[in-house]
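This report concerns only the one structure given below.
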Amino acid sequence: MRCSLLLSDLTMAEMDGLTLIRAARALRPELTCLLLTGLGSNVPPETWLDAGAAGLVAKPIRTEEFLDAVRSALDGPPA
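According to this note's numbering, the sequence shown is numbered sequentially starting from 14.
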């Protein structure tokens, strides 16, 4: 079974989430990735879009918002 979604925090001790997403997508370009962050809107969209993330979810995470972000990421952009 293959993973359908990579969920990563933006800020981590050894490797930031953007670096993790770039490394994962180098191995599996089709992998869908979402970032979590406590930095809120201080992260410009081009930062995470350029890394290949399908979205950014701000902490604290509300369940509905999180589920919507996951569903949107897995469904892909509208046709």
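All C-beta atoms in this analysis are idealised placements derived from N, C-alpha and C, irrespective of residue type, glycine included.
query: Kindly list the residues whose CB is nearer than 8 Å to the CB of LEU47, restricted to its own chain and excluding five residues on each side of it in sequence; keep chain order.; result: LEU18, LEU19, LEU20, SER21, ALA66, ALA67, GLY68, LEU69, VAL70, ALA82, VAL83, ALA86
query: Pull the bridge partners of THR50 from the DSSP assignment, please.; result: ALA71
query: Based on Cα-Cα distance, which residue from VAL56, LEU44, TRP61 lies nearest to GLY89?; result: LEU44
query: Quick one: what does DSSP say SER17 is sitting in, helix, strand or coil?; result: coil
query: Indicate whether LEU62 and LEU23 have their beta-carbon atoms separated by less than 8 Å.; result: no
query: Which two residues bound the contiguous alpha helix (DSSP H) that contains ASP88?; result: 76-88
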